[in-house]
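Trainee:
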Amino acid sequence: QQPDVLTTGGGHPIGDKLNLQTAGPKGPLLVQDVVFTDEMAHFDRERIPERVVHAKGAGAFGYFEVTHDITRYCKAKVFEHVGKTTPIAVRFSTVSFLFSDRGLPDGHRHMNGYGSHTFKLVNAKGECVYCKFHYKTDQGIKNLSVEEAERLASTDPDYAIGDLFNAIANGNYPSWTFYIQVMTFEQAEKFQFNPFDLTKIWPHKEYPLIPVGKMVLNRNPFNYFAEVEQMAFDPSNMPPGIEPSPDKMLQGRLFSYPDTHRHRLGANYLQIPVNCPYRARVANYQRDGPMCMSDNQGGAPNYYPNSFSAPEIQSHCVESKFKVHPDVARYNSSDEDNVTQVRTFYTQVLNEEQRQRLCQNMAGSLKGAQLFIQKRM
Numbered sequence: 008q009q010p011d012v013l014t015t016g017g018g019h020p021i022g023d024k025l026n027l028q029t030a031g032p033k034g035p036l037l038v039q040d041v042v043f044t045d046e047m048a049h050f051d052r053e054r055i056p057e058r059v060v061h062a063k064g065a066g067a068f069g070y071f072e073v074t075h076d077i078t079r080y081c082k083a084k085v086f087e088h089v090g091k092t093t094p095i096a097v098r099f100s101t102v103s104f105l106f107s108d109r110g111l112p113d114g115h116r117h118m119n120g121y122g123s124h125t126f127k128l129v130n131a132k133g134e135c136v137y138c139k140f141h142y143k144t145d146q147g148i149k150n151l152s153v154e155e156a157e158r159l160a161s162t163d164p165d166y167a168i169g170d171l172f173n174a175i176a177n178g179n180y181p182s183w184t185f186y187i188q189v190m191t192f193e194q195a196e197k198f199q200f201n202p203f204d205l206t207k208i209w210p211h212k213e214y215p216l217i218p219v220g221k222m223v224l225n226r227n228p229f230n231y232f233a234e235v236e237q238m239a240f241d242p243s244n245m246p247p248g249i250e251p252s253p254d255k256m257l258q259g260r261l262f263s264y265p266d267t268h269r270h271r272l273g274a275n276y277l278q279i280p281v282n283c284p285y286r287a288r289v290a291n292y293q294r295d296g297p298m299c300m301s302d303n304q305g306g307a308p309n310y311y312p313n314s315f316s317a318p319e320i321q322s323h324c325v326e327s328k329f330k331v332h333p334d335v336a337r338y339n340s341s342d343e344d345n346v347t348q349v350r351t352f353y354t355q356v357l358n359e360e361q362r363q364r365l366c367q368n369m370a371g372s373l374k375g376a377q378l379f380i381q382k383r384m
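First residue of the sequence shown? That's 8 in the numbering used here, and the numbers climb one at a time after it.
1. Going straight from the alpha carbon of Y3 to that of I320, what length do you get?
2. Of the residues Q28, T74, E46, C135, which one's Cα is nearest the Cα of S327?
3. Using a 10 Å radius around the Cβ and a threshold of 16 neighbouring Cβ atoms, would you call V94 buried or exposed?
4. Under a Cβ-count criterion, where at least 16 other Cβ atoms within 10 Å of its own Cβ denotes burial, should Q9 be classed as buried or exposed?
5. Just to confirm my understanding: we take G371, look at its own chain, exclude 5 residues before and 5 after, and list those with CB closer than 7 Å. What are they?
6. Taking only the alpha-carbon atoms, compute the straight-line gap between W209 and D51 and give it to the nearest angstrom.
7. Should K63 and P253 be called a contact, given that it needs their Cβ atoms to be closer than 7 Å?
8. Cα separation between R158 and R98?
9. Kindly indicate which three-state DSSP category K143 falls into: helix, strand or coil?
10. Which residues bound the beta strand (DSSP E) around Q188?
11. I'd like to check one pair, Q28 with D40: are the Cβ atoms closer than 7 Å?
12. Could you give the DSSP three-state label for F329: helix, strand or coil?
13. Compare the C-alpha of K197 against each of E213, Q304, N368, S263 and name the closest.
14. So M222 is in the beta strand (DSSP E); what residue range does that whole segment cover?
15. Would you mind working out which of D113, T14, G18, P35 sits nearest P333, comparing C-alpha positions?
16. Please go through the same chain and pick out, in chain order, the residues whose beta-carbon is closer than 7 Å to the beta-carbon of L365, but skip the five residues on each side of it.
17. Quick one: any contact between the segment 217 to 229 and the segment 368 to 383, if contact means 3 or more CB pairs under 8 Å?
18. Quick one: give me the first and last residue of the alpha helix (DSSP H) that T125 is part of.
19. Span of the alpha helix (DSSP H) holding E46?
20. Let me know the secondary structure DSSP gives S103 once reduced to three states.
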């Protein structure tokens, strides 16, 4: 019997499912890649109403304070001078390091946070570098054993949420130190791996951590649904001075996250108090729609251009220029080195006990798989 033909939701046959359309092997994604957008747009609408990813989590509020000057790299106002504080909202989930000890943190206070993606920083002169973001817990890394995690899963499944809430309620405010790694465009061209590969790290010896500031959480949500369940994070919501890189996973999320929020929370999700701009006044041509919570911008025209006090553009906020590969294709990345860093992590980062637990955790997840899949692994 002939296998079915793989198609889009509209029934169009798909020629390549594994590789995205990009402008060059390391270039950005293209909107015309309907195979990708068809898949992601449907994925974003699979769950109602909880988050389609990272559904289980905890939230809290606090502030970020700049402790070191990085204006030579970035013009974003959040970093404009040492001592500046910015109110923040944070939500935690644990979808990382699934099989090593760090996959079972002893609460959210004892885990690090990583931007994971490669971003671009732009300074006031228009000079650009690539960067990665790191949050290191000031409480220290602390993990649970598999046995303890299994016990808590049945007796106290909200253990991590409660631990964070109680610490803040008792005045034991958790904090994280914020660092960046910086890579020039020239270094990116010569990097031994694809610097935009989400599964790869940048070695700290070559690209050391640069301290930036400190994040402190000092307030619990007043209402969990209003301030945590409705919280909508969006990686495309970047201030001038921070821009996306050609990181393919990031490029996909630039579309997927706001698209998901519009499905989950409505077209006006940015008017919900926990999501609305905190220090900026919104002035645009977006009107009406379900759950409009503002004054709908009064009687201002909803068309552009117009002659009635239209909001003005800010030319200094135009995104930086960058070059892309001239050849658009679905570039196969399966020949990239996906082994070296994994081997280094296993042989040089983990000790013997941690290796044993890693193997046990992987075996525990694989034992329910079909035998032919187990043999393949």
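By construction, the Cβ of each residue, glycine as well, lies at the ideal position given by its N, Cα and C atoms.
Mentor: Taking the coordinates as given:
1. Because the chain spans 8 through 384 in this model, residue 3 falls outside it and cannot be assessed.
2. S327 has its Cα closest to that of C135, out of Q28, T74, E46, C135.
3. Residue identity differs from the one stated: residue 94 is Pro in this sequence, not Val. P94 comes out exposed.
4. It counts as exposed.
5. none
6. 30 Å
7. no
8. 24 Å
9. strand
10. In this chain, the beta strand (DSSP E) harbouring Q188 covers 182 to 190.
11. yes
12. coil
13. E213
14. 217 to 226
15. P35
16. Excluding positions up to five away in sequence, the list reads F106, S107, L357.
17. Result no; under three Cβ-Cβ pairs closer than 8 Å.
18. Here T125 belongs to no alpha helix (DSSP H), and DSSP marks it neither H nor E.
19. DSSP places E46 in the uninterrupted alpha helix (DSSP H) bounded by 41 to 50.
20. With a pLDDT of 49 at S103, under the threshold of 50, the modelled position of this residue cannot be trusted; read the value that follows with caution. The answer is coil: DSSP assigns S103 none of H, G, I, E or B.
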